[in-house]
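Notes for the one structure printed next.
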Amino acid sequence: MDAMMSASRDFFRQPPEEKNKCSNLIDDGEHLEMEGYGNDKVVTPQDQGLSWNDRLHLRVEPQDERNFAKWPTHPESFRDVLLEYASRTKRIRDLILRSIAKILDLDEDYFVNKISNTARGFARFNYYPPCSRPELVLGMRPHSDVGLLTILFVDHDVGGLQVQRDGKWYNVPVKPYTLVINLADCMEIMCNGIFMSPVHRVVTNAKKERLSLGVFYVVDGETVLEPAPGLLDDKRPPRYEKFKAKDFGFSFD
Ligand SMILES: O=C(O)CCC(=O)C(=O)O
Ligand SMILES: [Fe+2]
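Residues in the sequence shown are numbered consecutively from 7, following our numbering.
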């Protein structure tokens, strides 16, 4: 974990020319693609706005779709450290999906079986610079994660992640060597809302920079999402309709 955090810090501390070698700008800067270094695409400026962060987005699953052209070559350790990190988060993903299935009395592999060989996983490195007017801008605007689950590694020293409950924001505590697991929208649907995908945001800090790394696991576009039949009965009707992941942008195809 330390190696991953320090490789990430070293990457973001480089001059823009070096970071832009992994830029997410394409077509002479006309368009943004999802993978690479830069900012997120603003689709609806009136309610989206820019967030106070730089990010580096890299596909880690499936393995044969890793686009190493977008992976940093500086620091030199970056690639190997991320490969190792991603192989471990994948194991954690399956462990958690199996544990949740067990808690819900479903077949242990119910959720794991929803992940086909072509399902994607992304590593998103976030860098939040200090912001002298933290009351004016968020590090990351409120959202829920859309995929299955997110394995989040947050800065040991600087808080900022908040989760919303009943309209109020709560700080997520910072604890060294502790991963935050976010169940995302597809799991909420398959769990028929027994577990919810939390709305969360990141506030900025006036003095300190902050780093985080989320590994996002999503389902393949062809996957049919629906509440697990084993969770339904007369008293617990489905709260979500059945649909194909790609029809609602749940798969990042
Ligand atoms: O930086 C964080 O703690 C959260 C990041 C996050 O929510 C995301 O990347 O989706
Ligand atoms: Fe998130």
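Glycine included, each C-beta is placed from N, C-alpha and C at the ideal position.
Can you tell me which residues form a DSSP beta bridge with residue i?
i	result
Asn177	Gln168
Ala129	Leu64, Val221
Val152	Paired residues: none, contrary to the question.
His37	Ile32
Arg245	None; Arg245 has no bridge partner.
Asp216	According to the sequence displayed, residue 216 carries Arg and not Asp. BP columns for Arg216 point to Tyr134.
Lys250	Val230
Examine ligand 2 and report whether any of its heavy atoms sits within less than 8 Å of the Cβ of residue i.
i	result
Met146	yes
Asn165	Checking the displayed sequence, the identity of residue 165 turns out to be Gly instead of Asn. Checking the Cβ of Gly165 against ligand 2 gives no.
Ser57	no
Gly220	yes
His149	yes
Asn119	no
Compute every distance between the C-beta of residue i and the non-hydrogen atoms of ligand 1, then say whether any falls below 8 Å.
i	result
Val66	no
Arg19	no
Tyr91	no
Tyr183	no
Thr156	yes
Under DSSP, the beta strand (DSSP E) around residue i begins and ends at which residues?
i	result
Val160	155-160
Tyr43	42-44
Less than 9 Å between the beta carbons of residue i and residue j, yes or no?
i	j	result
Leu64	Phe128	yes
Leu154	Ile121	yes
Leu237	Leu110	yes
Leu334	Asn188	Because residue 334 is not part of the residues shown, which for the chain are 7 to 259, the question remains open.
Met10	Leu219	yes
Trp77	Cys137	no
Arg72	Arg130	no
Ala125	Tyr223	yes
Asn134	Val208	A quick correction: the sequence has Tyr, not Asn, at residue 134. Their beta carbons are under 9 Å apart, which means Tyr134 touches Val208 by this criterion.
Could you tell me the boundaries of the alpha helix (DSSP H) in which residue i lies?
i	result
Ala75	Run containing Ala75: none; DSSP gives neither H nor E here.
Phe17	8-18
Glu23	22-25
Hey, which unbroken runs of the beta strand (DSSP E) at 3 residues or more fall wholly within the segment 182-210?
If only uninterrupted beta strand (DSSP E) runs of at least 3 residues are considered, those enclosed by the segment 182-210 are 185-189, 206-209.
Where in the segment 82-145 do unbroken runs of the beta strand (DSSP E), each at least 3 residues long, occur, reported from the N-terminal end onward?
127-134
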